[in-house]
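Quick note on full-length UniProt numbering: the sequence shown kicks off at 1 and runs consecutively.
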Amino acid sequence: MAMPHVQRVEGTRGRPVYQVGGRSFVFFRNPRPDAADPVTGERYPDVIVFWVRFEADKEALVADERSPFFTTPHFRGHPSVLLLEADVGRLGYDELAEVVQDAWLARASPRRASAWLAAHGLPTPD
Numbered sequence: 001m002a003m004p005h006v007q008r009v010e011g012t013r014g015r016p017v018y019q020v021g022g023r024s025f026v027f028f029r030n031p032r033p034d035a036a037d038p039v040t041g042e043r044y045p046d047v048i049v050f051w052v053r054f055e056a057d058k059e060a061l062v063a064d065e066r067s068p069f070f071t072t073p074h075f076r077g078h079p080s081v082l083l084l085e086a087d088v089g090r091l092g093y094d095e096l097a098e099v100v101q102d103a104w105l106a107r108a109s110p111r112r113a114s115a116w117l118a119a120h121g122l123p124t125p126d
């Protein structure tokens with residue numbers, strides 16, 4: 001909610017959806033068969049979806065064996081990574097903040113994204 005122009009709306013099952021300009025950038029996904037516990041087969045009820053700006057960002061997050069981020073075949077080609085709510089505590093505050101900021105940047109309008117980046121002294125992507 002610290003990012004500008006964020007609206008929190010209620011999604012399915014009463015879970016929050018975070019939007020900028022009416023576009024979701026972080027949300028809870030409904031349980032699906034492609035994200036299930038490998039031992040029990042139970043669908044994960046707590047999958048959070050974070051948009052990413054670049055495929056390279058997604059690849060870096062899911063390729064790191066220490067990272068709790070993952071993807072599924074359903075999200076192949078989709079600019080997002082997944083995280084179990086139960087694994088949020090494996091991330092430091094700064095790492096989580098960066099992922100949320102990047103998700104916001106992925107979905108914000110170019111004008112809003114450029115303004116936020118400039119206000120924080122960060123380069124705008126080409």
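Backbone N, C-alpha and C fix where the C-beta goes; we use that ideal spot for every residue, glycine too.
- Within the region 80-122, the complete beta strand (DSSP E) runs of at least 3 residues fall at 80-84.
- The beta carbon of P33 lies closer than 7 Å to those of R43 in the same chain, with the five residues before and after it left out.
- Per DSSP, the beta-bridge partners of P16 are E10.
- Between the alpha carbons of P31 and P45 lies a distance of about 5 Å.
- Contact annotation, M3 with V20: C-beta distance approximately 7 Å; criterion of less than 8 Å satisfied.
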